[in-house]
Structure formats: C-alpha cells, structure tokens
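Scroll down for the structure; my scribbles are underneath it.
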Amino acid sequence: MLLLRCQLKQAPPQKVSCRFRVVMGKLQSKLKHSTYKYSRPDEIIEERIQTKAFQEYSPAHMDTVSVVAALNSDLCVSGGKDKVACIPKSSQFFSSSRDRMVMMWDLHGSSQPRQQLCGHAMVVTGLAVSPDSSQLCTGSRDNTLLLWDVVTGQSVERASVSRNVVTHLCWVPREPYILQTSEDKTLRLWDSRGLQLAHMFPAKQHIQTYCEVSVDGHKCVSCSNGFGGEGCEATLWDLRQTRNRICEYKGHFQTVASCVFLPRALALMPLIATSSHDCKVKIWNQDTGACLFTLSLDGSGPLTSLAVGDAISLLCASFNRGIHLLRMDHSQGLELQEVAAF
Numbered sequence: 001m002l003l004l005r006c007q008l009k010q011a012p013p014q015k016v017s018c019r020f021r022v023v024m025g026k027l028q029s030k031l032k033h034s035t036y037k038y039s040r041p042d043e044i045i046e047e048r049i050q051t052k053a054f055q056e057y058s059p060a061h062m063d064t065v066s067v068v069a070a071l072n073s074d075l076c077v078s079g080g081k082d083k084v085a086c087i088p089k090s091s092q093f094f095s096s097s098r099d100r101m102v103m104m105w106d107l108h109g110s111s112q113p114r115q116q117l118c119g120h121a122m123v124v125t126g127l128a129v130s131p132d133s134s135q136l137c138t139g140s141r142d143n144t145l146l147l148w149d150v151v152t153g154q155s156v157e158r159a160s161v162s163r164n165v166v167t168h169l170c171w172v173p174r175e176p177y178i179l180q181t182s183e184d185k186t187l188r189l190w191d192s193r194g195l196q197l198a199h200m201f202p203a204k205q206h207i208q209t210y211c212e213v214s215v216d217g218h219k220c221v222s223c224s225n226g227f228g229g230e231g232c233e234a235t236l237w238d239l240r241q242t243r244n245r246i247c248e249y250k251g252h253f254q255t256v257a258s259c260v261f262l263p264r265a266l267a268l269m270p271l272i273a274t275s276s277h278d279c280k281v282k283i284w285n286q287d288t289g290a291c292l293f294t295l296s297l298d299g300s301g302p303l304t305s306l307a308v309g310d311a312i313s314l315l316c317a318s319f320n321r322g323i324h325l326l327r328m329d330h331s332q333g334l335e336l337q338e339v340a341a342f
C-alpha cells in the first residue's frame with residue numbers, strides 16, 4: 001500500500017506535478033496514441049484517434065494496483081492486493097488484505113497501524129466508513145459482514161448470509177444504510193442499526209463487482225463482470241421508495257470493475273464513469289444511458305479501480321501501468337485525457 005501525492009496544475013495545460021513518499025524514478029514524456037468511440041445523442045458512433053502528450057513516471061507499484069482512493073484533491077492511497085477505505089475529511093484510512101486483517105492508519109502518526117481489527121475467517125473484500133466516521137463495516141469471502149466501533153476497535157454487530165461472497169461495500173451518505181455487492185449477483189442494502197437486511201435488489205445475470213452511492217443518497221450504481229460484451233454493464237438503481245432499476249450502461253466488452261458518480265460541476269447533465277478490464281474508461285449520461293466518451297488506456301491491462309480526485313480529475317488503477325491521472329476537458333466538447341501515469 002502506498003501514499004501518493006499528485007496535483008493537477010491548471011496552467012499550463014497538460015503539465016502535472018507529482019510528489020511521492022517513495023522514490024519514483026525517472027520521469028519520461030511520451031506521446032499517447034489512443035482510439036475511442038464517441039456515441040452521439042442521435043446514436044451515431046464515431047471513431048476518432050487522438051495523440052496527446054503525457055508524463056509517465058516509474059510505477060509506484062511493482063505489481064497490479066487493485067484499488068485507488070482519494071484522501072483529498074492532491075493525495076491518494078493505492079493498494080496492490082489491498083482494499084482501502086478513507087475517513088471523509090480526515091487523515092485516517094483503513095486497509096484490508098488477504099491476511100484477513102483490517103488495519104487503521106493515520107497520516108500524521110507512525111508508520112505502524114493505529115489499530116488492527118481481526119474477525120473474519122477469509123479475505124476481507126469490502127470496507128465502508130460511516131458518514132460520521134464512528135463506525136466501519138467490513139465484508140469478506142466468508143459470507144459475513146462485521147460492524148466495528150472505530151474508537152474502540154471492537155466488533156459490535158455481525159451478519160451472515162449463505163453464498164453472500166462480498167465484493168464491495170459503500171455507506172449511504174447521511175443515512176444508517178450500507179450498500180453491498182456480491183458474487184451471488186445481488187445488491188443488498190443493510191441497516192447498520194443491528195446490521196439487518198433492509199432490502200435486496202433483483203438479482204442480475206452476472207456477478208456484481210462494485211457499487212457507489214450518489215452524493216445526495218438518492219441513487220446507486222453497480223457494475224458486473226462478463227466477457228465479450230455479455231454482462232459487462234453498469235446499472236443505476238433508485239434508493240428511495242420504489243428502489244427500482246432506472247438505467248443500464250452497456251458498451252464495455254469485459255468485466256466492469258468500478259463505477260463512480262462524477263461531480264455535477266463537470267457538466268450540465270449528471271454523469272457516471274466506469275472502468276473495465278477492456279482497458280477503457282467510459283463517461284455516460286446518467287439519465288439516458290448514452291456513452292458520451294471512451295478513453296482507451298492502451299497497454300494498461302485490466303483497469304481495476306476508479307476514484308474521483310477533484311472537480312476535474314479521476315484516478316484509475318491498472319494491472320500493468322500503475323495509476324493513471326485523467327482530466328476532464330470541455331474545450332472541444334466533453335473529453336477525458338490521460339495527463340500522467342505513475
């Protein structure tokens with residue numbers, strides 16, 4: 001697990017300053033050739049080729065980067081085989097790994113974890129921090145969810161459902177609810193007050209790999225695995241009374257590993273971004289399901305994680321080329337550009 005500092009400068013464009021807590025090696029400037037498809041509102045698909053200069057640093061990780069999370073606008077945490085969850089507006093974050101442990105870290109503390117939480121029998125695959133930062137929910141391949149008191153480090157609630165192999169967890173803003181995806185192809189909503197199952201959404205056809213909740217807490221998006229275009233979609237759900245499926249986003253050709261709601265300041269319409277094992281990041285119109293832009297990160301291998309960095313940037317983790325820093329650009333219509341890789 002690494003702590004990285006990356007700041008996207010506003011002027012001149014396409015220059016990136018990166019400062020790391022580890023020695024990153026020589027900086028190289030490269031030309032990036034990428035092909036993308038742009039789906040217009042009239043459903044005409046155009047293929048374009050763009051050549052962009054970007055800066056590439058020696059990789060921060062020597063292996064696959066499985067997760068990246070933004071602590072603030074210029075600081076992120078990345079994990080190789082880990083899962084990471086950050087406490088909002090705090091210097092503290094949690095990580096989990098294959099050793100079945102969950103650890104709490106503090107940027108301003110020592111290099112050792114502040115807490116070690118042990119309670120799962122198998123790999124911990126999901127972490128979510130409550131909006132008030134007082135509780136942590138963890139999920140595992142052992143079909144179990146645990147609710148922890150962050151101050152004491154003690155487990156206070158436990159829930160177990162047969163075949164519920166947890167793939168991801170996230171907390172609903174300003175609510176006592178936790179959203180969870182599973183290998184049993186379902187999306188579950190849990191009430192943290194007693195850790196009771198509040199709702200189970202209709203099962204999909206493929207394993208649900210990831211979930212994210214909108215800032216207002218009204219909607220959530222989940223994504224699925226797949227191959228050859230079968231599955232490989234993201235789904236928008238209503239978290240309010242009806243809790244129905246609202247929209248699907250189809251166009252990836254391999255597993256969709258991550259999905260995020262983009263800040264409303266980016267465009268006049270609400271947007272969703274997805275990253276996939278097909279090496280592509282796609283931007284979607286949240287309401288209509290139209291793909292507005294596709295960025296191909298050639299040579300990156302499967303894309304594993306996506307996080308909002310600030311109002312104009314995204315962080316994307318990959319198998320082969322570490323972490324990609326992406327920037328939204330509206331100078332010639334909606335575009336997504338790679339400005340750095342590290």
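Just so we're aligned, residue 1 is where the sequence shown starts under full-length UniProt numbering, counting upward by one.
Even for Gly, the Cβ is constructed at its ideal location relative to N, Cα and C.
Remember, it's a predicted structure, so these values are computed and weren't measured experimentally.
{"query": "Let's see if you can read the secondary structure: which residues bound the beta strand (DSSP E) around I178?", "result": "Y177 to S182"}
{"query": "In or out: L336 buried (at least 16 other Cβ within 10 Å) or exposed?", "result": "buried"}
{"query": "Are three or more beta carbon pairs between the stretch 179-190 and the stretch 280-299 nearer than 8 Å?", "result": "no"}
{"query": "Mind checking D278: buried by the 16 CB within 10 Å criterion, or exposed?", "result": "buried"}
{"query": "Do S155 and G194 have their CB atoms nearer than 8 Å?", "result": "no"}
{"query": "How close, in whole Å, do the beta carbons of F54 and A341 come, if the pair is a contact with beta carbons under 8 Å?", "result": "7 Å"}
{"query": "Which ranges would you report for the beta strand (DSSP E) in the stretch 311-338 if only whole runs of at least 3 residues count?", "result": "313-318 and 323-329"}
{"query": "Got a sec? Which residues, its chain only, sit under 6 Å from E157 by beta carbon, not counting five neighbours each side?", "result": "L147 and L195"}
{"query": "Specify the secondary structure class of R245 as computed by DSSP and reduced to three states.", "result": "strand"}
{"query": "Counting C-beta neighbours from all protein chains within 10 Å, is the total for N225 16 or more, i.e. buried, or is it exposed?", "result": "buried"}
{"query": "Does the stretch 116-134 come into contact with the stretch 76-84, if we say contact requires no fewer than three beta-carbon pairs (one atom in each stretch) closer than 8 Å?", "result": "yes"}
{"query": "In chain order, what residues of the same chain lie with their CB nearer than 8 Å to the CB of Y210, ignoring the 5 residues before and after it?", "result": "T167, H168, T181, S222, C223, V256, A257, S258 and C259"}
{"query": "Count the other CB atoms within 10 Å of the CB of Q116; is the residue buried (16 or more) or exposed (fewer)?", "result": "exposed"}
{"query": "Skipping 5 residues on each side, what residues in its chain have a beta carbon closer than 6 Å to that of A234?", "result": "V221, C223, Y249, V256, C259 and T274"}
{"query": "Within 10 Å of its beta-carbon, does S214 have 16 or more other beta-carbons around it, so buried, or fewer, so exposed?", "result": "buried"}
{"query": "Apply the 10 Å Cβ neighbour rule to residue 346 and answer buried if 16 or more other Cβ atoms are within range, or exposed otherwise.", "result": "Residue coverage of the chain in this structure runs from 1 to 342, which leaves residue 346 outside it and unanswerable."}
{"query": "Please return the same chain residues whose Cβ sits closer than 7 Å to the Cβ of K30, not counting the five positions on each side in sequence.", "result": "For K30, the pLDDT reaches just 44, beneath the cut-off of 50, and the residue's location in the model is therefore unreliable, although a value from the coordinates is still provided. Same-chain partners within the cutoff: F54 and E56."}
{"query": "Using the three-state DSSP reduction, which class does A203 fall into: helix, strand or coil?", "result": "coil"}
{"query": "Going by DSSP in three states, R264 sits in which element: helix, strand or coil?", "result": "helix"}
{"query": "Decide if N320 is buried, meaning its Cβ has at least 16 other Cβ atoms within 10 Å, or exposed.", "result": "exposed"}
{"query": "In the DSSP assignment, what residue or residues form a beta bridge with K219?", "result": "D238"}
{"query": "Rounding to the nearest angstrom, what Cα-Cα distance links N143 and S162 in this structure?", "result": "6 Å"}
{"query": "Only counting the same chain, and skipping five residues up and downstream in sequence, which positions put a Cβ closer than 7 Å to that of L197?", "result": "R188 and W190"}
{"query": "Express the C-alpha separation of G217 and L236 in angstroms, rounding to a whole number.", "result": "13 Å"}
{"query": "DSSP has K283 in a bridge; who is on the other side?", "result": "Here residue 283 is Ile; the residue named in the question, Lys, does not match the sequence. The partner list for I283 (beta bridge, DSSP) reads A273 and F293."}
{"query": "Quick one: give me the first and last residue of the beta strand (DSSP E) that S155 is part of.", "result": "Q154 to S160"}
{"query": "Suppose you measure from the CA of P173 to the CA of V123; what does that come to, to the nearest Å?", "result": "26 Å"}
{"query": "In chain order, what are the residue ranges of uninterrupted beta strand (DSSP E) at least 3 long that sit wholly in the stretch 60-105?", "result": "67-72, 75-79, 83-86 and 92-96"}
{"query": "With DSSP run on the structure shown, which of helix, strand or coil describes L117?", "result": "strand"}
{"query": "What three-state label does DSSP hand R188 in the structure shown?", "result": "strand"}
{"query": "Is the beta carbon of L292 sitting closer than 8 Å to the one on E338?", "result": "no"}
{"query": "If you reduce the DSSP assignment to three classes, tell me which class V150 lands in.", "result": "coil"}
{"query": "Where do the ends of the beta strand (DSSP E) carrying Q112 lie?", "result": "Premise fails: Q112 is in no beta strand (DSSP E) and is neither H nor E."}
{"query": "Within the same chain, show all residues whose beta-carbon is closer than 7 Å to that of Q10, passing over the 5 residues directly before and after it, in chain order.", "result": "With a pLDDT of only 40 at Q10, under 50, the local geometry of the prediction cannot be trusted, and no value is derived from it."}
{"query": "With DSSP as the reference, identify every bridge partner of V124, one or two as the case may be.", "result": "S140"}
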